[in-house]
Amino acid sequence: MTQKKGNLFILSAPSGAGKSSLYKALLKADENVRISVSHTTRAPRTGEEHGREYFFVDVDSFLDMIAEDAFFEHAQVFDNFYGTSKQAIFDMLDQGLDVILEIDWQGAQQVRAQYPDAIGIFILPPSVEALGERLKGRGTDAEDVIARRMAKAVNEMSHYNEYEYVIINDDFDEAFQQLQAIFVAMRTRMPLIREIHTDLINDLLS
Ligand code: GDP
Ligand code: ADP
Ligand code: 5GP
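Following this line, the structure appears as C-alpha cells:
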C-alpha cells in the first residue's frame, strides 16, 4: 500500500471506557483529525443521527455491501454487524487528514493485516467498578445490554497487548493529553514527512 498523507488510527476499548468521549474532545481540539463513520445494523440510540454516529442500515443492505466488497473491515459485535466502508477512510487519508477508526479488536486485526501502518491505541478503564458505573451513568443502554457489555469487557480488554499505545482513562484531562501527544508525535514519522515534504527534502539534499 502506498504511503498516504494522513495517519490511520485504530481506537479500541471495552464499551464504557471512554473512547467516544476522548475522540470527541480530540475532534474539537485538532482540525486535522476526522472520525470514520461506520455502518451498523444496531438500532440508533436516543440522540444518534444517521450519517453522524453511524450509517444505520438493515441486515440485507449490510450483506449486500459485503458482497460488493465495500468494506475495509467488518465484524459482528454483540448481536449486530459493524463495518468500516473503504470510502469512509481513503479520501480523507489522501487529503492528509488523520482518520480514527473506533472499532473492536476483531476489526483492528483485519485493518492491521491490510494496513500495517495503522496506529493502534487501546483505552483501559481505571477499574472494573468504574467501567460499570460509567456504562450506567451514560444512560443510553438498557440494563440487560449493560450486563452483556460488562460480561464481554474482559475478553475485549485481553487484546490490549495487540496495540502500540495504551491509555488508562482515569483522570480525563490526563488521558486526553496522552491521546493528543500520540497524534502529534505520529505526524513526524519519517515516511509521512518524506511524502508531505518531498519538495523540501529534494531541495535540502540537492
Ligand atoms: P461503545 O463505545 O461501544 O459503548 O459505543 P459508542 O462509542 O457508540 O457509544 C458511546 C457514545 O458515543 C454513544 O452515546 C454514542 O451515541 C456516541 N457517539 C457519538 N459519535 C459517535 C461516532 O462517530 N461513533 C460512535 N461509535 N459513537 C459515537
Ligand atoms: P465508550 O465510547 O468507550 O463506550 P464513553 O465515552 O461513552 O465510552 O464513556 C462512558 C461514560 O463514561 C460517559 O458517560 C462518559 O461521560 C464517562 N467518562 C468518560 N471518561 C471518563 C473519566 N475519565 N472519568 C469519569 N467518567 C468518564
Ligand atoms: P456501539 O454499539 O456501542 O456503538 O459499539 C459496539 C462495539 O462495536 C464497540 O466495541 C465499537 O468499537 C465496535 N464498532 C463500532 N464500529 C465498528 C466498525 O466499523 N467495525 C468494527 N469491527 N467494530 C466496530
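Heads up: the sequence shown is residues 163 to 368, going by the numbering used here.
Glycine included, C-beta positions come from ideal geometry on N, C-alpha and C.
This one's a predicted model, so the numbers in the text were calculated from it and none came from an experiment.
| Check | Outcome |
| --- | --- |
| CB contact flag (Ala187, Ile285, <7 Å) | no |
| For Arg351, the three-state DSSP class (helix, strand or coil) | coil |
| Residue burial classification, Glu318 (beta-carbon count within 10 angstroms, cutoff 16) | buried |
| Cβ neighbours of Tyr322 in the same chain (closer than 7 Å, five flanking residues each side left out) | Phe284, Leu286 and Val328 |
| Closest residue to Asn169 among Ile197, Thr208 and Gln268 (Cα-Cα distance) | Ile197 |
| Among Asp306, Ile308, Lys298 and Leu259, nearest to Glu348 - alpha-carbon criterion | The sequence shown places Met at residue 348, not Glu. Of the candidates Asp306, Ile308, Lys298 and Leu259, the one whose C-alpha sits nearest the C-alpha of Met348 is Leu259. |
| Thr360 versus Pro353 - alpha carbon distance | 10 Å |
| Local Cβ density within 10 Å of Pro176, reported as buried at 16 or more and exposed below that | buried |
| Close Cβ partners of Arg204 (< 6 Å) along its chain, the five nearest in sequence each way excluded | Asn242 |
| Alpha-carbon spacing of Thr302 relative to Pro206, whole angstroms | 10 Å |
| Ranges of the beta strand (DSSP E) found wholly within the stretch 203-258, counting only runs of at least 3 | 216-218, 233-239 and 242-247 |
| Cβ-Cβ distance between Leu184 and Leu293 below 7 Å | no |
| Glu264: first and last residue of the uninterrupted beta strand (DSSP E) it sits in | Asp260 to Glu264 |
| Reference Pro288; option with closest CA among Asn331, Leu367 and Ile308 | Asn331 |
| Minimum C-alpha distance to Leu225 - residue among Glu215, Tyr216 and His236 | His236 |
| Cβ distance (whole Å) where Val195 is taken to contact Phe338 below 8 Å | Their Cβ separation, rounded to whole angstroms, is 13 Å, which puts Val195 and Phe338 out of contact at 8 Å. |
| Rounded C-alpha distance that separates Asn364 from Glu211 | 46 Å |
| Cβ separation of Phe217 and Val199, assumed to be a contact under 8 Å, to the nearest whole Å | 6 Å |
| Nearest to Val290 (by Cα), restricted to the options Ala275, Asp279, Leu367 and Met312 | Met312 |
| Helix, strand or coil at Ser368 [DSSP, three-state] | coil |
| Closest Cα partner of Asp192 within the set His201, Leu297 and Ile262 | Ile262 |
| Proximal residues to Tyr277 (C-beta, below 7 Å), its chain only, five neighbours per side dropped | Met163 and Leu170 |
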